[in-house]
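Numbering (the numbering used here), first residue to last: 49 to 390.
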């Protein structure tokens with residue numbers, strides 16, 4: 049019965065967006081049971097010797113339907129801040145067709161692998177918190193990245209005869225080209241003013257970022273987000289990702305943008321743009337209508353946390369968001385009046 053409510057909500061959401069194109073790559077993400085994998089490489093080499101075009105080659109073992117298999121993968125570190133700050137940098141993964149063909153990874157040529165940042169007690173809990181954020185947005189917007197959790201047996205060489213071993217939680221994120229292909233659109237890499245983007249999806253994204261307490265993003269400059277252009281609908285759609293530097297996760301390495309008038313990543317600041325009131329009202333109603341299902345989905349992960357305080361802080365943070373949503377005065381003051389005009 050674990051995560052039953054979560055699975056049911058995702059099922060009904062999938063019905064509402066049944067017009068989406070089904071891809072071969074979807075099979076990896078259709079099962080939300082954590083995938084067991086084994087990986088090994090030097091984090092020092094990963095940080096120092098990889099860049100946008102240079103990868104490390106290694107073998108990844110994975111268990112599917114009770115059977116262990118292995119494929120060759122190419123990995124590189126991604127993210128400037130976390131590359132410098134973290135023991136485990138986040139990873140960009142590439143798999144050649146002759147390796148992924150007829151495996152659970154079929155169709156997924158490129159993916160991101162999100163790992164804990166530091167070696168500390170809350171590292172795996174932070175991963176669960178960020179993963180849940182992706183699952184929240186799945187229920188908010190049909191335009192989202194598919195994700196799947198992984199449990200990783202990680203082995204790191206430390207000299208000729210020494211190795212370090214870690215039990216890590218992580219998750220895979222599909223490539224943005226798969227999202228655009230699913231919606232019969234294309235990745236849009238130009239800088240665009242947010243007001244030229246689809247109004248409804250933009251407000252979905254802005255409310256969601258406010259829920260997370262996220263100020264570390266820019267839709268205009270595609271910082272922690274991508275853009276997708278729909279030829280059929282003639283609209284530009286934001287696709288958010290990377291939610292670790294938020295009040296929702298509240299990691300030890302979080303930095304605060306004090307120029308926004310906040311002193312903590314748990315101080316919310318609405319970063320959306322001013323749009324017609326009808327969009328604010330519609331999205332507010334959607335969030336309120338989904339309150340029970342969203343909070344039940346989040347609660348279904350409680351037993352996954354090593355530290356109950358990490359779960360409670362996250363759940364209470366969501367409760368604070370809904371206090372603003374439910375109060376006309378707070379909603380007007382904290383969101384509508386704070387909307388950006390430039």
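Cβ coordinates follow ideal geometry from the N, Cα and C atoms, glycine included.
- Under the three-state reduction of DSSP output, residue 252 falls in the helix class.
- For residue 75, there is no enclosing beta strand (DSSP E); the enclosing alpha helix (DSSP H) covers residues 75-78.
- Within the model, the alpha-carbon separation for residue 85 versus residue 198 is close to 7 angstroms.
- The DSSP-derived three-state label of residue 130 is helix.
- With contacts defined as CB atoms closer than 9 angstroms, residue 370 and residue 333 fail to qualify as a contacting pair.
- Around the beta carbon of residue 299, 16 or more other beta carbons sit within 10 angstroms, so the residue counts as buried.
- Only buried fits residue 191, as 16 or more other CB atoms lie within 10 angstroms of its CB.
- Looking at the DSSP output, residue 205 shares a beta bridge with 211.
- Pairing residue 185 with residue 288 gives a Cβ-Cβ distance under 9 angstroms.
- Straight across, the Cα-Cα distance linking residue 361 with residue 146 is about 45 angstroms.
- Taking the C-beta atoms as reference points, residue 262 is found nearer than 9 angstroms to residue 319.
- Per DSSP, reduced to three states, the secondary structure at residue 277 is strand.
- Each residue's CA atom was taken as its position, placing residue 101 and residue 141 some 12 angstroms apart.
- Selection 343, 378, 227, 144 evaluated against residue 68 yields 227 as nearest (Cα-Cα).
- Secondary structure of residue 295 (DSSP, three-state): coil.
- Excluding residues up to 5 positions away in sequence, 212 lie with their Cβ nearer than 6 angstroms to the Cβ of residue 206 in the same chain.
- Residues 201 of the same chain have their beta carbon placed closer than 7 angstroms to that of residue 215, with the five preceding and five following residues left out of the count.
- Contact between residue 122 and residue 105 holds, with the beta-carbon distance rounding to 6 angstroms and staying under 8 angstroms.
- From the listed residues 182, 176, 304, 71, the smallest Cα separation to residue 350 is found for 176.
- Residue 141: not part of any alpha helix (DSSP H); member of the beta strand (DSSP E) spanning 139-142, first to last residue.
- The stretch 269-278 makes contact with the stretch 232-243, as at least three CB pairs between them are under 8 angstroms.
- The beta carbons of residue 251 and residue 328 sit closer together than 9 angstroms.
- Membership of residue 193 in any alpha helix (DSSP H) is not indicated, and neither H nor E is assigned to it by DSSP.
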